[in-house]
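First the structure, in the form of structure tokens, and then the observations on it.
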Amino acid sequence: MKKIVVLNRITLDGMFDGPNGEQDWFIPGDEENKAAHEIGVPVDSLLIGRLTYQNLAKFWPTVTDDSNFPQAAKTQAKEINEMPKYVFSRTLKNLTWENSKLITGDLLSEVQKLKQGDGPGMLILGSGTIIQQLTEAGLIDHYVFILTPTVLGKGKPQFKQDQKVDLELVESRSFKSGNVILHYQRK
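In this note's numbering, the protein residues as written are 378 to 564.
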């Protein structure tokens, strides 16, 4: 059975987006990106929602041919561009990013079907509403957070406020930037 892995940047107060969707609070770091790529469970596909798809589809296809990006980013872009992407949306009609499949059916039943497959895990980036629903249904196996030392006070929380989730720490790493990577698995 495939594992589902969340990889998201969050603030100290648990937000993954600012109140208006802004993400200017990230403290970027090549060290953290490399470590986040290495930590956790191997994955071979993405599960994402409409907004995340629209943001990623504008960015990742351009990286491989842009001389301003380091080789590590180009390698990561190649992997992401080539892997299957399952996009959950009721409003999108066409997907232009290679290897993307639109799924309009019930999120929980569709994800349960995908989990039945063999092979490495599936990665969720962004996609806060999807994460909240899959967490509530007990379908997420691992959470990898890049914790940024910022408190927003308000924004979009990674978890619903009434959502209790018992997790076990698998690994943690800290960086000069102040970011900390936390890898948890569901108990």
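Where is the CB? At the ideal position from N, CA and C, for every residue including glycine. Treat the numbers as computed from the prediction; the structure is a model and nothing was measured.
Looking at the backbone, the Cα of LYS492 and that of ASP390 are separated by about 30 Å. Non-local beta-carbon contacts of GLU409 in its own chain, meaning distances under 8 Å to residues more than five positions away in sequence, involve ILE523, PHE552, SER554, ASN556, ILE558 in chain order. Here DSSP, grouped into helix, strand and coil, assigns ASP407 to helix. In the structure shown, GLN453 adopts helical secondary structure according to DSSP, grouped into three states. GLN448 places its beta carbon 8 Å or farther from that of HIS414.
Where THR439 is concerned, the enclosing alpha helix (DSSP H) starts and stops at 427-440. Just so you know, the alpha carbons of ARG386 and THR525 end up roughly 7 Å apart.
Contact between the segment 473-489 and the segment 454-461 is present: three or more C-beta pairs spanning the two stretches fall below 8 Å.
In this structure LYS533 touches ASP394 by the C-beta definition: roughly 4 Å separates them, less than 8 Å.
Secondary-structure assignment with DSSP links ASN556 through no beta bridge to anything.
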